[in-house]
Each structure stands twice: as structure tokens, then as C-alpha cells.
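To start, the structure under review is shown below, and the notes come after it.
Chains as they are written, first to last, in my numbering: chain C, 155 to 948; chain F, 5 to 424.
Okay, here's the thing in C-alpha cells:
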């Protein structure tokens, strides 16, 4: 009996056993073209189409059907060796899959909405606490890293909560409240000017790299250990400080001398930040002024850029050295600067309630907010705070838990302020604060205000947005348009660059590897910083001027400073500030794919991989992500000894049919980008270690040799050949709608916390259609996204 | 019918409070209840791999010929097993494999749709974590941790050994202790209220949203328990140790310094029974570690491209890791506890999420298992399809957990036996 049954199963397609069987014509297609390989005991690619139920409400099954549609549509299935299905049949199959997926999705959404309850990620958390309380504070480093989905770390599904996270939120809330609320008098304003000649670093220097003169100190070396960390600016109180530095170029032949300023704790291993690169004019004191936030005991560090090494200067001695130097006349600081005391953060919570002395063990002059009517004052405070924290109007019921907390602590002999602090802390860990309150269907005005604000600003809605939401006006298309304009013009829209752009293009990985200094001696920190800034400025320009998003593929301009221009070969750019520059076509630049930043994050510090770069282009620019690699296939072992190129290694890969199907999609963009090395420099040949002809740059023999020549030519689907990156870009520009669809999908994913799905295809296409007439302008795209029903619904 | 205390409490709806009774027992009374000596586990990950040819012996079995890396562990040849061939099925090439190193969740490299599962240390902590002051320690030399919760959230890591040392061994001033107790009490009051609020929020939510709020609920409940346990512990004196509070290694590139501090802390924490579960993420940065003869960034060296110069530098870096591991094993072996060495009660699992960092492959992971009371002294070469989770089941069972599966396991690890 058993054997009979088994053989019956082999003959009869399993579909008949399921209620959810595909319709007759689909079954006929599958039997005709697919099931010969994709069925039975060991189906190819582990895809058994005979047992795959047509139940599109099951996520995993739906996904498999969609992959079938993608492959068939792309023409990679059936394989070339098999008879081609008729175009009409292909259309029939992909239409059926598309409509089934859309129907299942529509049904799910009616009940639950498209997105999943999303909590603030750690960047949004920090920004929100900053704006809610009005303080500068670094909280995100203390929170565990968020997991990402669909390429962004604000995806509801991927953001999880744990007891560990809650504990960190309790700590973070305490830290933030301690900074927002003050318990003492205003710290004294200190203003002081000092000379580098008195710095310890200068006095104890064992190398002769500093020259002390009457009016200044000259720094000759750019070696990092010859930087000067200011011991004379070492503030005891945190806050905003105004810094001024007077410096000039010394023996610099009329040329300006550059220097870098960093700020931070300046201890090994701590996080400092770059204030900027500056230029001091030759022989003319230039005054550099900036304000920055400093924690207590933070300090400044100054290092000349592009001067000689310590060794070179020391050999001659600073007294006799004739090369260029940076002469620093003085440094001045003033702070901490406050507009008022108690500061705005304190008043925002307590309003005009007075402070009184409440001595404690460690501080006899300890001040605390006091109240003559604690119960009613606490309610006012909590209602005001909760409204902004919850980003909507609040009722008595909403604040009841926090009023209860206050009362409980007051009853336990806490002082008024201490009891209020506990209640405020409660607000900051409550689910109404941490999660986005969205209901299935169309978003209410408050939810819309939050979605808009976290999209463009990565923080809570401001008073204007909340007021408009309160009046029920925000949903009006005209009002929404005005608000988007207002928000994009605000400096806070920098968050879109920092969080959307950097994740879309992967720029956060810029420090993942540091290129080998022997293979890439021309790489330095200024170049890296400039690369990232180039991409950011480029994005902001396109957004600001509503330029076509096709510029991301090919453009005749970019932003560059002197350092980056040298890297790219652009003539005539001076100074550290990035300026908009025209790109001569022979440089092969323009668009993001050929920017140093992107080329660096898509390479490791030693080698480039056409697979990695190809997949990057498919996923992020073309909007046709490759399927995940099959399991168990050994990755290619990179080899820089010069005997073989990655292209030759990959050729073997592409001889295997099952690999070729995907690799003929993935590899071509990667080959086109092989003309650029791991730091985004143009190359005609590979650099090798061990062997190869000698390479001489500026009269200096390099540590690497000349390897095999680069071959960037290949062809795209449909036999469209390209010889180099320029031709490749032109091929991409043939389908501008697809480029727009790709970027619209990315923006919608980021804006709503979930990637659009099959059911959203029509809406995404509608967005694309609307900007087609506007020359595919990026700002127009942002507007259309905000106006779309995808954005305005849960 | 006679109700046990446990079932009575369950019926009363407060079963969650039960582990706390265990938690407040002092060590002596626990010793009486629990005749078996404590079993411990430390999981260490070198995120840039170990160069296989320098680690794996040619021969399987007990008579293997040593290798450059194993040479440094020669004193512990009979205390360790080197295992080749293991991998996590469904965890494909890439640095993202780090997400699944201790969880075995499939396809972290695809990102989209990936949800992590609980790591083996956290699973064990649910069962044995309440017996110690710290259910587990999640240490890291660079920030990212190896441990994940049941909800798929990353457990934050401790990167500063000095503050971990303070939490473990230093008594605060009385007013600081009071302040801390008050903070814990405030925390519990707050959780009480926000838990209620979340319950009200749940009305009218779809299934996906409810899952998210459920995560919040269980987080609130777990944290309430932990804060209560912390409060109980805060009334008890901390163990005294002779060691001084360490200075943090402030150089971000200092692989050796950072590793040593974390290993020393591991030894002290186990010796004082402050915790029985530790995970350690070692350094794997792009920076140049201050090791003589090394001039290239660590991450770059792992992408050696077969360049002999780079391979030589990589060998220097990895030999340091082996030397430090030998030091840890030595300390654990020297420490005696109730008639045995600490090493015999501590499974030291040293491995990487990458099998070959140069190509980012995740097969044939480098695995060294020491101590824990297993039969050691061999090179266990397993079939290439053997899940690493099988070893995890063996490790969990060694901790006394009655479980038969974990992650993608198909059983325990064949060939690895408990010492008689």
C-alpha cells in the first residue's frame, strides 16, 4: 500500500490536494516550464512549485511566489537552455502573482494597517529628548544598537524592546533630567586668552618641532603626536563656549597653511569630534571663531595639516627649519554661555515656580523647586510635559498614572521636586512616549504630524506642527505642502541627510576599514571627511533646487574642496570649504556611484569586489535587488599577488549556469566600477603586492607594483553593451521611471518604517508619474511622497 | 490534595516572583539545596576570525600534530578540544553573521525580514541566572555585544572593565547605596504605572502591533523582577577580592590590553560566583593594534588577499589572542573550588562568526573548547554539515539545562563527551 501511495504522489501534482491551488492556466504554465526542475524530492533551488500553496496570506509563501515572478519577468527563468515561454504567458503568470499578492496585502491592511507599531530608534530617542527638554546631550551611545530592516534602522518590525533597553531608558531619562533641571546658581562666565607657548605639550616636547617667538608659537609638524591639546582650556562646567583662534602661515611662500581642530575629552579611546579644517593666510593673522558644546573637562586639539613629518623637522630643528609652519598667536575662550538662568530647559518644565535652598549632605547651597500647591502644580507640569512628550493633546486619564506616581512619592516623604522628577521619568519610559501611536486606516492629524516630523527631522513635531494638528488643519494638502517647505528649509532637515542619505548609500560604514597605507599612501582623514561631505552637499543641493534625481546616476557637477579635487583631478579648486564645481566629462565622475565615499564603503581596505559593488548598484540605485546568494557556495578568495584578477576569478563563477543567472545581473555594474580603487581613485591597472612593474608617483617609488589592466566593459540584460562607466551610466538613464521608482521606494521605506509591497505598486507608480513632468525633481518627490496615501495611512 | 508552594503561588498569579526566593538565598543555604558545584560558561568571539591554516591540525583525533596557534596552548592540550568543520546552517557570508553567532538565527545577511532569537547565554540566564548577583555579563571590547533577548533585541554590552569591576566588587558609600536603593524603588514604581498604561494602549490594535506591545510588557515584567532582585542583593555585602580596580585600556586599538582586562574580569567574576554566564566580543576594528611588527589595520589584515606580508602580520595579531587565551585558561585552572579546578566547571568557548575573514565565509568556523568537564585532548573534525548549535546544546546541557535542541541543532555534538 505504502509504495502505491508514494508513486501516486509522484505522478499527481500536489496542488490537487490543496484548496489553495493556482488556477488552471497558471498550473499549465508551471507544468510546462518549471516543474521539471522545481518539484520532486530534491527540487532545484529548494523551490518545489508543486507543493507551494497559493495561499498569499502566508508571508513566506507569498515571498516565494514573488521571487518566481521576478525571475520569470527578468527572463532568468526558465534558463536559456530551455524553450522560451510566450510573452503573453509570462505576463499572465506575473499578473496573477501580482494580483494575488496585492489582494492578500489589502486584506491584511484593512485589519492592521500597513506598518507595525514603531518605537523611537536611538537616534530619534536622543533627538526627541533633546528637543523635548531643550538640552544638548549624547544619549544614543548609551543605548544598545538598533537592528535594521529594509536598509533602515527605523523599521517597526526590526525594532525590539527588552528589559535591558528599558533599564537603559530609565538611566537615560535620569541623565537627561539631571541636565535639564538645575539645582544651583549659574556657573560663572569665564573669558580668557592664552598662548600656545605655555602649553605643556610644547614645554615637554622632545622633538624640535615648535618654535616659540615673541608673539606666537610656530608648529612645523603634522605628525599626530605633535598636535597641541589645550591644557589652558579645560572647562569645569559643561555648556556652550565661544572659541577664537588667531593663526597665520609662516614661511609658507605666500600660501595659506591649513590646520584641523578637534574637540572632546581627548583621552585615548574616547569619542572626539572634528570641529573643522581651517586656513590661516600667509603672514597675516586669521581669526577663526566658532561656538561648540563642551562637556566638563573637554578640551581642544590643534594640528597643522599637510606639513612635514616630525622626523623631517626634528632632523633640522625648528630654529633652522625653512619649510612652512603654522604660527598661532593666541587662543581665546568664553563661556559657558547662557541666555538666562535657570536655563530654558528648566523653565520649560517648571514654568515660573521658584527655587529655594534645600541643603543636602553634599551641597549646603542645593536649590530645589518648591510649591505652595503641590497637587495642582504637579498636574500642570505633567500635563504640559506629557502633551509634548506624547506629541498630541492629553486628557486627565492620560496623565493619571504619572500624577499617581507623583502622589505616591510625595506620600513617601519625597520633596516636591524629587517627586516631580520621578513622574517625569515615568513619562520618558512610557509606551506613549516611546512608540508611535498610529491606528489602522488614515492617520489622524497628530500621527501625521509625528510621521512628517520623524521623516524630515528625525525628531518630535515642533509647536507649529502640533498646533496645526490640534486645529485639524494638517491633513489639508496645501497646509501639508507649506509645512514640508518650511521643514526642508529648516536646519533640522539636516537629519534627512544624516539618517536617510547615509543609510540609503551606506555612508555610515565609511570607517569600517582604513586602507593599507602602503597600498594607498595618498589616503588621509581630510580626504575621507571631504568625500562624505561631498555626497551630503550633493544630496542637499539636489533637494534644495529640486534638481532631477537622475543626477544621482550622472551629473555634470559635484562639490569639492582642494583635497578632493586633487583626488579626482579637477583643476582650480582651492581651500577646505566644499564648493559646487563643474565636472569635465573626461574625469568619469558625476552621480553618486563614482563618488569616493560610495566607492570606499563598497570596498574593503585592500580589494574591490564587483559582486559587492554590483549588488550595491542593483539594490540602491536600480531598485532591482539581487536575490540572496545560495547557501553553501564558497565566496571568492581575494588575491592581490597579481597573478589573477577578480574578473578572471569571477569568469569561472559565471560558467556555472546556476550562478550565471544572478551573476550576469550583479557583475556588470561592478565591472563598470572596477575603474575605481578602494578609495575611489581612478585606475587603469590593479595595484599589487609582490611583483609587477615599478610604479613611480611624483618621483617616489611606491610600495605597490603595477598589476594587470582593468577591464570595465560588459553588457546588461538584453545585450546592451558598455565599454566603461560612462556608457554604463547612460544605459541606466534609459529608464528614468525605474530610477525614480527605486528612490521613491527607499524614501517611502524610510518615511513610514516599512518597505512598500505589491499592493503599493500602483501608488508608487502614481508618485513617479507625478514627478515625471517635473523633470524628476527630488524636492517634488518628497512632496508627492508626503501627499501619497501610503504616507498618510498607517 | 496537597499543594506545593510553587503551585500555590502560580494559582495566586504571582509565579513570577518565585525565582526571587532563590535569588535571596545566601550561598551557603544554596549550597545545601544544590549539591552540584556551579557550572559556568564563557563564550568568546574574535570577530575577524582566526586564520585556519595556522590553527587547524592536519590530523583528526588525539594524536594530532600541533599548529602554530595551538603551540601557545600546549600546556592545556588535555584541557581543550579544537573543533573543525562547524558552521551555522543558513548563516551565509558576511560580517552580519555576528548577529547569529550565539543565536543561530538564519539569514542575518539578508537583513530584510531577519529577526534574531535568544542567545545561548541569555537562555541559560533565564534558568540559572537568578542564583548569582548578576544573571550574566555581556562584555565587549568594542561596543557591540554577542547576546540577544528572546524578543530579538541586542543586550547592551559593558565596555569599561573598571566600572564592571566596581559593580561586582566595590561597595559604595552608605549614602550612595541608599541612593541606589531609592533609584531601584523609583524604577519599580514607574514600571508599575507604565505597564498599566501599555495595557490600556493595547485596545484596538492589530496583531503585529500587539506583538510589539507584548514585547514592552514582558520587558516591564522582567525588569521589575530584576530590579527587585537587585534591591535584595544591594543589602548584601559584595565579595572581596585582592585584585585592584583595573584602569581601562583607553587606546581604542589596544587589542591586547583590552582583551586582558576582560579576561581577568571573567576569572574574578567566576571565582567569586558573581555570575556564571559571560559573553565577550573581542576587538575587531579597522585600527592598527599596538603589537610589534604590525603596521596595518586589523580589519585590513584579515583581508590579506594572500599577500605573505599581510599574512605574517595577521599571524602576529592572532598569536597574541592565543597567548591571552592561554593566560585565561591558566588562571581558571589554578583556581580551586570545592575539590576541583574552576576550569573543570567552566566551559570556555572561543570561536568566531567568520570561518575565513578574507572572503567573509562562515563555514569551518575556528572553534576551541576548553574546560567544562568534557573529555578533551583531541582535534574533533566533524562533517561540514554539522551545526554549531549541536555544540551549543552540549554546552547548555553541561550547565544543567534540560533541553534537547537549540537553534538549528540536530542533537548534541557527536564526539564530544562529558568526562567520567
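A virtual CB, placed ideally from N, CA and C, is assigned to each residue, including glycine.
All figures in this text were calculated on a predicted structure; none of them were measured in a lab.
#1: Do the stretch 268-278 of chain C and the stretch 114-132 of chain F meet, that is, are 3 or more Cβ pairs less than 8 Å apart?
#2: Is residue 868 of chain C helix, strand or coil by DSSP?
#3: Select from the stretch 339-362 of chain F all residues with a C-beta closer than 7 Å to any C-beta belonging to chain C, and list them in chain order.
#4: Does the distance from the CB of residue 335 of chain F to the CB of residue 345 of chain F come in under 8 Å?
#5: Taking 8 Å as the CB-CB limit, is residue 447 of chain C close to chain F?
#6: Please identify, using Cβ separations under 9 Å, the residues of the stretch 606-617 of chain C that lie next to chain F, in order along the chain.
#7: Does the CB of residue 758 of chain C have a neighbour CB from chain F at under 8 Å?
#8: How is residue 664 of chain C classed by DSSP in three states: helix, strand or coil?
#9: For chain C, check one thing: does any of its Cβ atoms lie closer than 8 Å to the Cβ of residue 233 of chain F?
#10: Buried or exposed, going by whether 16 or more other CB atoms sit within 10 Å of the CB of residue 404 of chain F?
#11: List the residues of chain F whose Cβ lies closer than 8 Å to the Cβ of residue 794 of chain C, in chain order.
#12: The beta strand (DSSP E) that contains residue 401 of chain C, what's its start and end?
#13: Between the stretch 168-192 of chain F and chain C, which residues of the former have CB atoms less than 7 Å from a CB of the latter, in chain order?
#14: At 4 residues or longer, and completely inside the stretch 782-870 of chain C: list those alpha helix (DSSP H) runs for me, N to C.
#15: Give me whichever residues DSSP pairs with residue 414 of chain C in a beta bridge.
#16: How many angstroms separate the CA atom of residue 614 of chain C from the CA atom of residue 286 of chain C?
#17: Below 8 Å CB to CB, which residues in the same chain sit around residue 805 of chain C once its five sequence neighbours on both sides are set aside?
#18: Which whole-angstrom value is the C-beta distance of residue 430 of chain F and residue 195 of chain F, which I expect to be below 8 Å?
#19: Have a look at residue 18 of chain F and residue 204 of chain F and give me their C-alpha separation to the nearest angstrom.
#20: Under DSSP, the beta strand (DSSP E) around residue 711 of chain C begins and ends at which residues?
#21: For residue 351 of chain F, report the span of its beta strand (DSSP E) as first-last.
#22: Work out the CA separation of residue 276 of chain F and residue 246 of chain F for me, nearest whole Å.
#23: So the candidates are C/622, C/311 and C/560; which of them puts its Cα closest to the Cα of residue 217 of chain F?
#24: Would you kindly check if the distance between the Cβ of residue 799 of chain C and the Cβ of residue 135 of chain C is under 8 Å?
#25: Between F/422, F/331 and F/104, which has its C-alpha nearest residue 78 of chain F's C-alpha?
#26: Hey, does residue 254 of chain F have any beta-carbon neighbour from chain C nearer than 8 Å?
#27: Mapping DSSP to helix, strand and coil, what is residue 616 of chain C?
#28: I want to verify the contact list: residues of chain F whose CB lies under 7 Å from the CB of residue 314 of chain C, in sequence order.
#29: Taking Cβ-Cβ distances shorter than 8 Å, what residues in chain F pair up with residue 640 of chain C?
#30: For residue 666 of chain C and chain F, any beta-carbon pair shorter than 8 Å?
#31: From residue 371 of chain F to residue 87 of chain F, what does the alpha carbon distance come to, in whole angstroms?
#32: If residue 303 of chain F and residue 52 of chain F are in contact, beta carbons under 8 Å, what's the gap, nearest whole angstrom?
#33: Is the beta carbon of residue 380 of chain C closer than 8 Å to that of residue 498 of chain C?
#34: Applying the criterion that 16 or more other CB atoms from any shown protein chain within 10 Å of the CB defines a buried residue, is residue 179 of chain C buried or exposed?
#35: What is the DSSP secondary structure of residue 446 of chain C, counted as helix, strand or coil?
#36: Reducing DSSP to helix, strand and coil, say where residue 487 of chain C ends up.
With the given structure in hand:
#1: Judged by Cβ distances under 8 Å, the stretch 268-278 of chain C makes no contact with the stretch 114-132 of chain F, as fewer than three pairs qualify.
#2: The residue you call residue 868 of chain C lines up with position 714 of the first chain. The three-state secondary structure of residue 868 of chain C, taken from DSSP, is strand.
#3: Against chain C - using a Cβ distance shorter than 7 Å - the residues of the stretch 339-362 of chain F are 362.
#4: If you number the second chain from 1, residue 335 of chain F lands on position 331. If you number the second chain from 1, residue 345 of chain F lands on position 341. Cβ distance not < 8 Å, so residue 335 of chain F and residue 345 of chain F don't count as in contact.
#5: Counting from 1 along the first chain, the entry for residue 447 of chain C is found at position 293. Residue 447 of chain C is outside the set of residues whose beta carbon lies under 8 Å from a beta carbon in chain F.
#6: Flagged: no residues at all.
#7: Here residue 758 of chain C refers to the residue found at position 604 when the first chain is read from its first residue. By the rule that beta-carbons nearer than 8 Å mark a contact, residue 758 of chain C touches chain F.
#8: Within the first chain, numbered from 1, the residue matching residue 664 of chain C stands at position 510. In the structure shown, residue 664 of chain C falls within a coil segment according to DSSP collapsed to helix, strand and coil.
#9: The residue labelled residue 233 of chain F in the question sits at position 229 within the second chain. No, residue 233 of chain F does not count as interfacial toward chain C.
#10: Residue numbering aside, residue 404 of chain F sits at position 400 when the second chain is read from its first letter. Flag for residue 404 of chain F reads exposed.
#11: Taking the first chain and counting its residues from 1, the one referred to as residue 794 of chain C is at position 640. Those are 309, 310 and 311, listed as they occur along chain F.
#12: Here residue 401 of chain C refers to the residue found at position 247 when the first chain is read from its first residue. It spans 393-404 - the beta strand (DSSP E) in which residue 401 of chain C sits, taken as one unbroken run.
#13: Under the 7 Å Cβ criterion, the stretch 168-192 of chain F contributes 179, 190 and 191.
#14: As summarised for the stretch 782-870 of chain C, the continuous alpha helix (DSSP H) elements at least 4 residues long and confined to that stretch are 800-809 and 811-826, given in chain order.
#15: On the first chain, residue 414 of chain C is found 260 positions in, with the first residue counted as 1. Checking the DSSP bridge columns, you'll see residue 414 of chain C partnered with C/431 and C/457.
#16: Position 460 of the first chain, counted from the first residue, corresponds to residue 614 of chain C. Position 132 of the first chain, counted from the first residue, corresponds to residue 286 of chain C. Residue 614 of chain C and residue 286 of chain C: Cα-Cα distance of roughly 8 Å.
#17: The residue you call residue 805 of chain C lines up with position 651 of the first chain. Excluding positions up to five away in sequence, the list is empty.
#18: No answer is possible for residue 430 of chain F: it lies beyond the span of chain F, which begins at 5 and ends at 424.
#19: Stepping through the second chain from its first residue, residue 18 of chain F is reached at position 14. Stepping through the second chain from its first residue, residue 204 of chain F is reached at position 200. Low per-residue confidence applies at residue 18 of chain F: pLDDT is 32, beneath 50, and the placement is therefore not dependable, though the value from the model is reported in the following sentence. Distance between the alpha carbons of residue 18 of chain F and residue 204 of chain F is about 21 Å.
#20: Start at 1 with the first residue of the first chain, and residue 711 of chain C comes out as number 557. Residue 711 of chain C -> beta strand (DSSP E) spans 711-714.
#21: Sequence index remark: in the second chain, residue 351 of chain F carries index 347 (1-based). Counting along the chain, residue 351 of chain F sits inside the beta strand (DSSP E) bounded by residues 350-355.
#22: The residue labelled residue 246 of chain F in the question sits at position 242 within the second chain. The residue labelled residue 276 of chain F in the question sits at position 272 within the second chain. Looking at the two C-alpha atoms, the distance is approximately 11 Å.
#23: As a position in the second chain, residue 217 of chain F is number 213, starting the count at 1. With respect to the C-alpha of residue 217 of chain F, the residue from C/622, C/311 and C/560 having the closest C-alpha is C/311.
#24: Beyond the ends of chain C as shown, which are 155 and 948, falls residue 135 of chain C; an answer cannot be given.
#25: If you number the second chain from 1, residue 78 of chain F lands on position 74. It is F/331 whose Cα lies nearest to the Cα of residue 78 of chain F.
#26: As a first step, residue 254 of chain F is located in the second chain; it is residue number 250 there, counting from the start. For residue 254 of chain F, the answer is yes, since a Cβ of chain C falls inside 8 Å of its Cβ.
#27: On the first chain, position 462 is the one that residue 616 of chain C refers to. Residue 616 of chain C: coil per DSSP, three-state reduction.
#28: What you label residue 314 of chain C is simply residue 160 of the first chain in a count that begins at 1. By Cβ distance, chain F contributes 155, 156, 157 and 219.
#29: Reading the first chain from its first residue, position 486 is the one you call residue 640 of chain C. The premise fails here: residue 640 of chain C is roughly 31 Å from chain F at the closest Cβ pair, so nothing lies under 8 Å.
#30: To locate residue 666 of chain C, count along the first chain from 1; it is residue 512. The beta carbon of residue 666 of chain C sits closer than 8 Å to some beta carbon of chain F.
#31: Mapped onto the second chain, residue 371 of chain F falls at position 367. Mapped onto the second chain, residue 87 of chain F falls at position 83. Going by the C-alpha atoms only, they are around 5 Å apart.
#32: Taking the first residue of the second chain as position 1, residue 303 of chain F is located at position 299. Taking the first residue of the second chain as position 1, residue 52 of chain F is located at position 48. At roughly 6 Å, the Cβ-Cβ gap stays under 8 Å, so residue 303 of chain F and residue 52 of chain F are in contact.
#33: By one-based count along the first chain, residue 498 of chain C stands at place 344. By one-based count along the first chain, residue 380 of chain C stands at place 226. Cβ atoms of residue 498 of chain C and residue 380 of chain C: not closer than 8 Å.
#34: Numbered from its first residue, the first chain carries residue 179 of chain C at position 25. Exposed: under 16 other Cβ atoms inside 10 Å.
#35: The residue you call residue 446 of chain C lines up with position 292 of the first chain. Reduced to three states, the DSSP call for residue 446 of chain C is strand.
#36: Locating residue 487 of chain C in the first chain gives position 333, counting from the first residue. The answer is strand: DSSP assigns residue 487 of chain C an E or B state.
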